[in-house]
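Shown next, in structure tokens, is the structure this report addresses.
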Amino acid sequence: MSSQAKRIVVTGMGINTPIGDNLDDFYANLIAGKSAITRWKFLKNPEVYSKVGGDLSEYDAKAKVGALKGKLSAATHKRLRQLTKKAPFSTKISALVAADAWIDAGLAGKEESLDPTRQATLIGGHNLNERYFASNYETFLDEPDYIDSMAALLMLDTDHAGTVCEVIGCQGAAYTLGGACASANVALRSAIDEIRHHDHDLALVVGPVLDFSQMGPHAMALMGAITFESFNDEPARASRPYDLHREGFVPSHGAACLVLEELGHALERGARIYAEVLGCTSTSDGSHLPSPSTEGQARTITRLLRRCAVRPEDVDFVCAHATSTPLGDRSEVNAIKTVFGDHATKLKVNAPKSMLGHTCWSAPAVETVAGLLQMRGGKLHPSINIETQDPEIDLDVCANEAVDHEIQVMLKNSFGFGGLNCCALYRRFDPNSL
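Next up, the structure:
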């Protein structure tokens with residue numbers, strides 16, 4: 078089969094957020110409009126301006142490992158237990174969502190029928206173990222010999238790739254990709270290439286938790302990027318894309334894994350298919366500043382549609398980037414209107430970050446899981462906290478209520494600091510299209 082003829086589908090998903098560490102709970106809480114935002118539990122410094130976020134810092138990874146016993150092969154579960162025992166927080170969660178996705182894809186226990194050298198592992202993110210690094214540095218300043226003896230390895234982003242590969246048994250290409258808040262979509266883009274052009278049958282795309290240090294949220298507050306003025310005492314109201322009184326995004330923990338698979342390989346083993354991945358396109362605004370560009374975002378979406386040979390009017394749902402920043406939300410909506418013209422008013426649009434907050438590097442993967450669950454479920458989650466809708470946000474944004482809708486083609490937007498744009502397109506899988 079030529080690389081151009083290869084079709085790619087999503088056959089497995091794993092999720093971990095404060096409102097669900099399994100697909101069923103995650104989707105149910107999204108549809109119910111439940112907020113993941115609370116006061117941070119790990120923040121000890123009272124001088125940090127922003128006090129709220131989606132917090133997984135006290136997540137019981139050991140209990141989750143125990144819950145997966147019997148769902149993975151004995152050998153895989155043993156590796157998962159051993160590797161997560163001493164791994165940093167974020168790396169533990171990467172291993173767990175990968176294991177969940179592997180199980181969900183129906184691959185657990187079938188490793189002997191697979192070629193491990195044709196299984197790629199792509200990690201979307203950078204500077205992931207920020208709190209682990211900061212904690213060890215504080216120890217180093219007090220007593221250098223008391224730092225974690227494995228810190229030289231464990232603080233590296235590549236340890237996520239190595240850990241996931243070892244747990245699952247993947248021996249194909251494995252690497253990390255950084256693109257700020259577009260990182261997980263950048264990883265998706267490379268996963269597509271690995272399957273189409275580099276002889277892989279499947280690829281795991283992991284969007285890991287960004288383990289914020291105390292300095293991280295404070296620095297973002299000083300930049301004016303995140304909310305800290307009005308909602309420290311009302312965390313659930315803090316993330317409010319499309320509301321007239323939004324004042325910045327809410328940083329959050331969250332991780333996800335997607336299993337991408339070459340269609341023929343998936344069909345041969347009788348895999349359940351969530352959707353077909355039509356393509357993923359990345360562009361740059363040519364600027365290091367964190368200012369969104371309507372022109373750059375529109376150019377990315379237009380290029381994606383052209384490369385996927387999809388007409389604008391064929392798209393019916395946008396899983397929006399929608400961070401809850403005054404400029405960012407408006408810029409994205411204007412980009413959508415630029416690309417889709419009159420069809421924009423017929424689109425359904427919603428904002429996962431209204432409930433989840435901004436999971437940063439992993440956001441494209443976390444929100445793609447949300448989007449594909451909505452495609453399967455036939456119901457769109459609300460964009461919550463819209464008390465007074467910004468009059469410039471004049472699209473159907475599923476304000477405050479879940480909406481029945483059968484998604485046919487989904488656009489997933491992601492736009493990172495420094496004008497790093499990366500958008501993906503998914504289509505409901507049609508068995509008659511074979």
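Counted from 1, the sequence shown has number 190 at position 113 by our numbering; the numbering is strictly sequential.
Using N, Cα and C, we set each Cβ at its ideal position, and we do this for glycine too.
Simplified DSSP state of residue i, which is helix, strand or coil
i	result
residue 192	coil
residue 511	coil
residue 319	coil
residue 324	coil
residue 355	strand
residue 279	strand
residue 253	strand
residue 399	coil
residue 337	strand
residue 89	strand
residue 501	strand
residue 332	strand
residue 408	helix
residue 150	coil
residue 361	strand
residue 80	For residue 80, the predicted model reports a pLDDT of 47, less than 50, meaning its position is unreliable; a value from the coordinates is still stated below. Three-state result, residue 80: helix.
residue 94	strand
residue 496	coil
Spatially closest choice to residue i from the options, by CA coordinates
i	options	result
residue 307	294, 322 and 297	322
residue 82	108, 273, 148 and 483	273
residue 473	226, 503, 393 and 501	393
residue 444	477, 284 and 203	284
residue 478	484, 426 and 511	426
residue 455	480, 372, 216 and 439	480
residue 317	360, 369, 401 and 420	401
residue 141	169, 128 and 212	169
residue 371	414, 330 and 386	414
residue 428	239, 147, 398 and 90	398
residue 356	189, 501, 145 and 188	501
residue 90	101, 503 and 334	334
residue 208	434, 344 and 121	121
residue 195	221, 249 and 173	249
residue 236	201, 267 and 268	201
residue 187	219, 111, 218 and 152	152
residue 118	446, 136, 103 and 299	136
residue 492	342, 440, 102 and 504	440
residue 234	167, 403, 344 and 365	167
residue 358	420, 267, 423 and 365	267
Cβ-Cβ distance between residue i and residue j below 9 Å
i	j	result
residue 336	residue 279	yes
residue 328	residue 292	no
residue 288	residue 231	no
residue 411	residue 431	no
residue 416	residue 457	no
residue 258	residue 396	no
residue 409	residue 374	yes
residue 145	residue 177	yes
residue 286	residue 330	yes
residue 460	residue 442	no
residue 116	residue 294	no
residue 269	residue 85	yes
residue 243	residue 158	no
residue 149	residue 172	no
residue 199	residue 124	no
residue 384	residue 360	no
residue 277	residue 175	no
residue 113	residue 433	yes
Residue i CB to nearest heavy atom of the ligand SAM below 8 Å
i	result
residue 230	Among the components of this structure there are no ligands whatsoever, and the ligand SAM is therefore not found.
CB contact below 9 Å: residue i versus chain D
i	result
residue 114	Note that chain D does not occur in the displayed structure, where there is just one protein chain.
Fully enclosed by the segment 410 to 494, which beta strand (DSSP E) runs are 3 residues long or longer? 425 to 427 and 486 to 489
Write down every uninterrupted run of the beta strand (DSSP E) in the segment 284 to 313 whose length is 3 residues or greater and which is fully enclosed by it, in chain order. none
Does the segment 122 to 139 touch the segment 85 to 96, meaning 3 or more C-beta pairs lie closer than 8 Å? yes
Tell me the start and end of each unbroken alpha helix (DSSP H) in the segment 97 to 131 that is at least 4 residues and wholly inside, in chain order. 100 to 108
Would you mind listing the beta strand (DSSP E) stretches within the segment 154 to 235 that are 3+ residues and don't spill past its ends, in chain order? 196 to 201
Is there contact here, the segment 262 to 271 with the segment 491 to 504, by at least three beta-carbon pairs under 8 Å? yes
Three or more C-beta pairs under 8 Å: does that hold for the segment 308 to 316 against the segment 219 to 228? no
When the Cβ atoms of the segment 449 to 463 are set against those of the segment 341 to 356, are three or more pairs found closer than 8 Å? yes
Are the segment 464 to 473 and the segment 152 to 169 in contact at 8 Å, needing three or more beta carbon pairs? no
Could you say if the segment 374 to 394 and the segment 110 to 130 meet the contact criterion of at least three C-beta pairs nearer than 8 Å? no
Counting Cβ pairs closer than 8 Å, one from the segment 362 to 370 and one from the segment 210 to 221, do we hit at least three? no
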